[in-house]
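Q: Sending over a structure as structure tokens; questions will come in a sec.
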Amino acid sequence: MPDISAIAHFPLKVIFAIHLVLTSWGLQGHWCPQSALFYNLLFFVCLMWAVHNIESDEPLQFALCVNVLSIFLDVVTLSMYFPQNWASEKFSGAVMIINLLVRIVTTISLLRIGQARGGTLAAMFPPGPGMEYARQQYEDISYPVPQNADFSGI
């Protein structure tokens with residue numbers, strides 16, 4: 596069995612693959628408006644940018660914002676356009692509901708990945724007790740940290 600820890604950016608690639616499959620099945624119905632294609636495509640571009648640019652958490656910020664906005668837009672789209680006829684149309688609507696539920700988990704995952712990269716996401720949303728792989732503060736070991744006893748004779 597291959598070692599998945601050797602795959603670079605594995606969580607982002609899994610998020611991309613899951614949403615790609617669910618979005619492609621969800622958009623197959625004729626009931627779905629073109630706006631759903633637009634914001635899902637924007638989400639995929641942000642995810643690819645996050646895989647490419649690992650030094651910054653800015654791509655993850657965009658992906659997180661688009662994902663949260665997509666949750667709201669999916670609810671509006673499903674409430675206005677959910678199909679009433681044909682099994683294939685209902686299937687695409689059901690898959691879009693599953694994609695909506697997966698987006699909630701994806702939002703938490705993107706937030707944790709952003710906190711692990713540091714930057715603005717780590718400052719805006721400090722890691723809680725369950726988020727164990729966030730970056731720690733840098734400790735400069737080339738200079739000793741002065742103790743209070745060092746200044747007692749001054």
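In terms of this note's numbering, the sequence shown opens at residue 596 and continues consecutively.
Glycine included, every Cβ here is placed at the ideal spot set by N, Cα and C.
With I649 as the anchor, note down where its alpha helix (DSSP H) starts and where it stops.
A: Run containing I649: none; DSSP gives neither H nor E here.
Q: Check each candidate in A682, S665 and M643 and name the one with the smallest Cα separation from A607.
A: Note that residue 607 is Leu in the sequence shown, not Ala. Nearest of A682, S665 and M643 to L607, Cα basis: M643.
Q: Using the C-alpha atoms, what's the distance from W620 back to R698?
A: 15 Å
Q: By the three-class DSSP mapping on this structure, what secondary structure does A682 have?
A: helix
Q: Please classify R698: does DSSP put it in a helix, a strand, or coil?
A: helix
Q: Counting pairs of Cβ atoms below 8 Å between the segment 704 to 714 and the segment 648 to 661, do you hit three or more?
A: Result yes; three or more Cβ-Cβ pairs closer than 8 Å.
Q: Do you know how far the Cα of S674 is from the Cα of V711?
A: The displayed chain sequence assigns Ala, not Val, to residue 711. For A711 and S674, the distance between alpha carbons rounds to 36 Å.
Q: Please go through the same chain and pick out, in chain order, the residues whose beta-carbon is closer than 8 Å to the beta-carbon of E684, but skip the five residues on each side of it.
A: G624, H625, W626 and P678
Q: Give the secondary structure of A689 by DSSP, where H, G and I count as helix, E and B as strand, and everything else as coil.
A: helix
Q: Straight-line CA distance for V661 to A603?
A: Spanning the two alpha carbons is a distance of roughly 23 Å.
Q: Hey, how far is the Cα of A729 from the Cα of G713?
A: Only weak support exists for where A729 lies, its pLDDT of 47 falling under 50; the coordinates are left without a value.
Q: Suppose contacts are defined by Cβ-Cβ distances below 9 Å. Is N645 in contact with T672 by that definition?
A: Looking at the sequence provided, one finds Ala at residue 645 rather than Asn. Not in contact: A645 and T672 (Cβ atoms no closer than 9 Å).
Q: Taking only the alpha-carbon atoms, compute the straight-line gap between L696 and N635 and give it to the nearest angstrom.
A: 15 Å
Q: For the candidate residues N648, L617 and F611, whose alpha-carbon lies nearest to that of F639?
A: F611
Q: Going by the CB atoms, is the gap between L622 and M691 shorter than 9 Å?
A: yes
Q: Are there 16 or more other CB atoms within 10 angstroms of the CB of L615, so buried, or fewer, so exposed?
A: Exposed: under 16 other Cβ atoms inside 10 Å.
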